[in-house]
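Peer 1:
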Amino acid sequence: MSKRDYYEVLGVSKDAGERDIKKAYKRLAMKYHPDRTAGDAELETKFKEVKEAYEVLTDSQKRQMYDQYGHAAFDQNGGGQGGFGGGQGDFGDIFGDVFGDIFGGGGGRRQSRQQRGADLRYNMDLSLEEAVRGKNAEIKVPTWVSCSPCDGSGAKAGSKPKTCTTCHGAGQVQMRQGFFAVQQTCPTCQGTGSIISDPCNKCHGQGRVEKTKTLSVKIPAGVDTGDRIRLSGEGEAGMHGAPAGDLYVQVSVREHPIFVRDGNNLYCEVPISFSTAALGGEIEVPTLDGRANLKIPAESQTGKMFRMRGKGVKSVRSGAVGDLICKVVIETPVNLNDRQKELLKEFEESMGGENSNNRPKAQGFFDGVKKFFDDLTK
Ligand SMILES: [Zn+2]
Ligand SMILES: [Zn+2]
Numbered sequence: 000m001s002k003r004d005y006y007e008v009l010g011v012s013k014d015a016g017e018r019d020i021k022k023a024y025k026r027l028a029m030k031y032h033p034d035r036t037a038g039d040a041e042l043e044t045k046f047k048e049v050k051e052a053y054e055v056l057t058d059s060q061k062r063q064m065y066d067q068y069g070h071a072a073f074d075q076n077g078g079g080q081g082g083f084g085g086g087q088g089d090f091g092d093i094f095g096d097v098f099g100d101i102f103g104g105g106g107g108r109r110q111s112r113q114q115r116g117a118d119l120r121y122n123m124d125l126s127l128e129e130a131v132r133g134k135n136a137e138i139k140v141p142t143w144v145s146c147s148p149c150d151g152s153g154a155k156a157g158s159k160p161k162t163c164t165t166c167h168g169a170g171q172v173q174m175r176q177g178f179f180a181v182q183q184t185c186p187t188c189q190g191t192g193s194i195i196s197d198p199c200n201k202c203h204g205q206g207r208v209e210k211t212k213t214l215s216v217k218i219p220a221g222v223d224t225g226d227r228i229r230l231s232g233e234g235e236a237g238m239h240g241a242p243a244g245d246l247y248v249q250v251s252v253r254e255h256p257i258f259v260r261d262g263n264n265l266y267c268e269v270p271i272s273f274s275t276a277a278l279g280g281e282i283e284v285p286t287l288d289g290r291a292n293l294k295i296p297a298e299s300q301t302g303k304m305f306r307m308r309g310k311g312v313k314s315v316r317s318g319a320v321g322d323l324i325c326k327v328v329i330e331t332p333v334n335l336n337d338r339q340k341e342l343l344k345e346f347e348e349s350m351g352g353e354n355s356n357n358r359p360k361a362q363g364f365f366d367g368v369k370k371f372f373d374d375l376t377k
């Protein structure tokens, strides 16, 4: 996948100041924001692209790295969006969801020579009702936690890791290759800067042990498929006391038998009888809060949509509430008895032919058909 240049994405020049970048971002974010473009995958990708460019270009350190190395500067994350399962998640949050930081805290983490623990992902399936109302869930996650006897150091209680004598604690050594001096990870200590001569019995010097953790997660009301919730520091513990990674709870909402969700709006199809459609009336429709009444005006055609304001989903981001859109579909009556058939025949005859003014669609349709054949014979 070739990535577009961040400056190009935002439409600013290479020497644009922070204010110009912010302005450009605001404009594009309004244009592509998922709340406005719900469901359009291409626009959602654009939004992510814009957000990513913005986050890099407004962070002076990241911007400097980007100017120097281009996209390669951030490839250490494994290249994949989100950086799941990959080591140093320093830039992983760029792809995080808009509200991914609500549980956060861990901003501004700097990469140390110690490798941070891996990020974890937990897939959570929710019913539409659960996603709309939010819920508290307990999840069990097999992971690595800091070893308690050695307090994460990896050295047996009472002893301490010693400073590595090869690199003197720097974790890096200079190697000569022809004319060049190259910085390399210290081969003696593998970059940690220290040596454990008397390792802890429980973790064998790793500083962490495997454990299944039980965590409670608060799913905010209004989440949708693709949303992620970040639990800062709940990923795998790092080796030798290095900071833990993050845990991402990835939401996926199951199909609902009645409602189809599109952003904050809900859609449903409601069957109505032919006579209700013609004469008008009131019908009962389902909503997520129970039943509601919907007035059907006389002469409603099949496929007509009725909007019930505020009966949709409350956005987890903006708090705006969507609508329920009911599409009425006229049912053809079945299992008619003789009397009913008789009435319908009588009724049909009363309507006259295709040019009857009782039949608004037929009129236009047959006019169109006539014109079509007239044009053919010309
Ligand atoms: Zn060393
Ligand atoms: Zn230990």
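Residue numbers for the sequence shown follow numbering that gives the first Met the number 0, so the first one is 0 and each next one is one higher.
Glycine included, each C-beta is placed from N, C-alpha and C at the ideal position.
#1: Are there any heavy atoms of ligand 1 lying less than 7 Å away from the beta-carbon of cysteine 199, as far as the coordinates show?
#2: What are the residues that DSSP puts in a beta bridge with threonine 142?
#3: Excluding the 5 residues flanking aspartate 66 on each side, which residues of the same chain have their C-beta closer than 8 Å to its C-beta?
#4: Report back the beta-carbon spacing between isoleucine 195 and proline 160 to the nearest angstrom; my notes put them in contact at under 8 Å.
#5: Just the Cα atoms here: how many angstroms apart are lysine 360 and threonine 224?
#6: So, with DSSP's three-state summary, where would you put arginine 175?
#7: Let's see if you can read the secondary structure: which residues bound the beta strand (DSSP E) around threonine 36?
#8: Can you check which of these residues, Ile324, Lys217, Ala241, is closest to lysine 310 by C-alpha distance?
#9: Hey, is the segment 170-189 in contact with the segment 210-221, meaning 3+ C-beta pairs nearer than 8 Å?
#10: Can you name, in chain order, every residue of its own chain whose Cβ lies under 6 Å from the Cβ of lysine 61, other than the five neighbours on each side?
#11: Going by CA-CA distance only, name the one from Tyr121, Ala154, Val131 that's closest to isoleucine 138.
#12: Can you find at least 3 beta carbon pairs, one from the segment 282-300 and one from the segment 333-348, that sit closer than 8 Å?
#13: Rounded to a whole number of angstroms, what is the C-alpha to C-alpha distance between tyrosine 6 and threonine 44?
#14: Using only the heavy atoms of ligand 1, determine whether one of them is closer than 7 Å to the beta carbon of glycine 38.
#15: Pairs of beta-carbons, one from the segment 258-274 and one from the segment 228-242, closer than 8 Å: are there three or more?
#16: Let me check you understand the geometry: is the CB of proline 256 closer than 7 Å to at least one non-hydrogen atom of ligand 2?
#17: Are the segment 197-204 and the segment 168-178 touching by the rule of at least three beta carbon pairs closer than 8 Å?
#18: Assuming contact is defined by CB atoms lying nearer than 8 Å, are aspartate 288 and valine 250 in contact in what I supplied?
#19: When the Cα atoms are used, what is the spatial distance from methionine 461 to serine 193?
#20: Rank Lys155, Gly151, Thr187 by C-alpha distance to the C-alpha of threonine 165 and give the top, closest one.
#21: For a test of the three-state rule: what should DSSP assign to threonine 44, helix, strand or coil?
#22: Taking glycine 279 as the reference, which of Phe273, Pro296, Gly221 has the closest Cα?
Peer 2: Per the coordinate set shown:
#1: Here residue 199 refers to the residue found at position 200 when the sequence shown is read from its first residue. For ligand 1, not one heavy atom lies less than 7 Å from the Cβ of cysteine 199.
#2: As a working note, residue 142 is residue 143 in the sequence shown. The partner list for threonine 142 (beta bridge, DSSP) reads Lys210.
#3: Taking the first residue of the sequence shown as 1, we reach residue 66 at position 67. Cβ within range, chain order: Lys13.
#4: Locating residue 195 in the sequence shown gives position 196, counting from the first residue. Locating residue 160 in the sequence shown gives position 161, counting from the first residue. Indeed they touch by this definition, with Cβ atoms about 5 Å apart.
#5: Locating residue 360 in the sequence shown gives position 361, where the first residue counts as 1. Locating residue 224 in the sequence shown gives position 225, where the first residue counts as 1. So the alpha carbons of these two residues sit roughly 40 Å apart.
#6: Indexing the sequence shown from 1 puts residue 175 at position 176. Three-state DSSP puts arginine 175 in a strand.
#7: For the purposes of this step, residue 36 is taken as the residue at position 37 of the sequence shown. Unbroken run through threonine 36 is the alpha helix (DSSP H), 33-36; no beta strand (DSSP E).
#8: If you number the sequence shown from 1, residue 310 lands on position 311. Checked all of Ile324, Lys217, Ala241; the closest Cα to lysine 310 is Ile324.
#9: no
#10: In the sequence shown, the residue the question calls residue 61 occupies position 62. Correct list, in chain order: Val55.
#11: Position 139 of the sequence shown, counting from 1, holds the residue named residue 138. The candidate whose alpha carbon is nearest that of isoleucine 138 is Tyr121.
#12: no
#13: For the purposes of this step, residue 6 is identified with residue 7 of the sequence shown, where counting begins at 1. For the purposes of this step, residue 44 is identified with residue 45 of the sequence shown, where counting begins at 1. Straight-line Cα distance between these residues: approximately 17 Å.
#14: As a working note, residue 38 is residue 39 in the sequence shown. No, since every heavy atom of ligand 1 falls outside the 7 Å radius drawn around the Cβ of glycine 38.
#15: no
#16: Within the sequence shown, numbered from 1, the residue matching residue 256 stands at position 257. Proline 256 Cβ: outside cutoff for every heavy atom of ligand 2.
#17: no
#18: The residue you call residue 288 lines up with position 289 of the sequence shown. The residue you call residue 250 lines up with position 251 of the sequence shown. No, they are not a contact pair.
#19: No answer is possible for residue 461: the residues shown for the chain start at 0 and end at 377.
#20: Start at 1 with the first residue of the sequence shown, and residue 165 comes out as number 166. Of Lys155, Gly151, Thr187, the residue nearest in Cα terms is Thr187.
#21: On the sequence shown, position 45 is the one that residue 44 refers to. Three-state DSSP puts threonine 44 in a helix.
#22: As a working mapping, residue 279 is identified with position 280 in the sequence shown. It is Pro296.
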